[in-house]
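Participant:
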């Protein structure tokens, strides 16, 4: 299991209580979003306006608002693809979730499925 369901639920509830929450998409995320929709105007800042939990596969998923220039075009991304101002009250808890999740995903990806050894 990648996420601690109880801890993730508590973090999700705390983030939902703080919505809309300012965030900064990673450069990789911005590049991917621009590739998917070249007409969407994306800036270096956005706001998380809604959350959901996509299980171990997706973790906490955020609906982003990039402002008036991107009206009507929603972007849904994993919380791990966002960065936050360190002065934000939830920044440490979010960063801890991101580190833990990325570490566990890497560990899971590195663990090759075991096959029975022929005898």
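In the numbering used here, the protein residues as written are 5 to 123.
Cβ atoms here follow ideal geometry from the backbone N, Cα and C, with glycine treated the same way.
Only a predicted model underlies this, so the values are computations on that prediction, with no experimental measurement involved.
(1) So what does DSSP say about residue 64, is it helix, strand or coil?
(2) By DSSP's criteria, residue 52 is part of a beta bridge. Which residues make up the other side?
(3) Can you tell me whether residue 23 is buried or exposed, with buried defined as 16 or more other CB within 10 angstroms of its CB?
(4) Just mark residue 120 as buried or exposed, buried being the case when its beta carbon has 16 or more other beta carbons within 10 Å.
(5) Tell me whether the stretch 9-23 and the stretch 31-50 touch, counting them as touching only if at least three CB pairs, one residue from each stretch, are closer than 8 Å.
(6) With a 10 Å radius around its C-beta and 16 neighbouring C-beta atoms as the bar for buried, classify residue 101 as buried or exposed.
(7) Taking the continuous beta strand (DSSP E) assigned at residue 79, which residues delimit it?
(8) Answer with buried or exposed for residue 122, where buried requires no fewer than 16 other C-beta atoms within 10 angstroms of its C-beta.
(9) In angstroms, rounded to a whole number, what distance separates the CA positions of residue 96 and residue 90?
(10) Using three-state DSSP, classify residue 94 as helix, strand or coil.
(11) Check the C-beta distance from residue 108 over to residue 6 and give it rounded, since I have them as a contact under 8 Å.
(12) Have a look at residue 37 and residue 79 and give me their C-alpha separation to the nearest angstrom.
Facilitator: Checking against the coordinates, here is how it stands:
(1) Taking the chain shown and counting its residues from 1, one reaches residue 64 at position 60. Three-state result, residue 64: strand.
(2) The sequence position of residue 52 within the chain shown is 48, counting from 1. When DSSP reads this structure, residue 52 sits in a beta bridge with 25 and 68.
(3) Position 19 of the chain shown, counted from the start, is the residue given in the question as residue 23. Exposed, by the Cβ-count rule.
(4) Within the chain shown, residue 120 is the residue found at index 116, counting from 1. Confidence is the limiting factor: at residue 120 the pLDDT is only 48, short of 50, which leaves the residue's position unreliable and the question unanswerable from this model.
(5) In short, these stretches do not touch, since the Cβ pair count stays below three.
(6) Looking up residue 101 in the chain shown gives position 97. Buried: at least 16 other Cβ atoms inside 10 Å.
(7) Residue mapping note: residue 79 aligns to position 75 of the chain shown, counting from 1. Segment 79-82, the beta strand (DSSP E) holding residue 79.
(8) Along the chain shown, read from residue 1 onward, the residue named residue 122 stands at position 118. Legend: pLDDT at residue 122 = 46, less than 50; position of this residue unreliable, no value from coordinates given.
(9) What you label residue 96 is simply residue 92 of the chain shown in a count that begins at 1. What you label residue 90 is simply residue 86 of the chain shown in a count that begins at 1. In a straight line, the C-alpha of residue 96 is about 7 Å away from that of residue 90.
(10) The residue labelled residue 94 in the question sits at position 90 within the chain shown. Looking at residue 94 - three-state DSSP - the assignment turns out to be coil, as it is neither helix nor strand.
(11) Residue numbering aside, residue 108 sits at position 104 when the chain shown is read from its first letter. Residue numbering aside, residue 6 sits at position 2 when the chain shown is read from its first letter. Going by Cβ atoms, the distance from residue 108 to residue 6 rounds to 5 Å, so yes, they are a contact pair.
(12) By one-based count along the chain shown, residue 37 stands at place 33. By one-based count along the chain shown, residue 79 stands at place 75. Between residue 37 and residue 79, the alpha-carbon positions lie close to 8 Å from each other.
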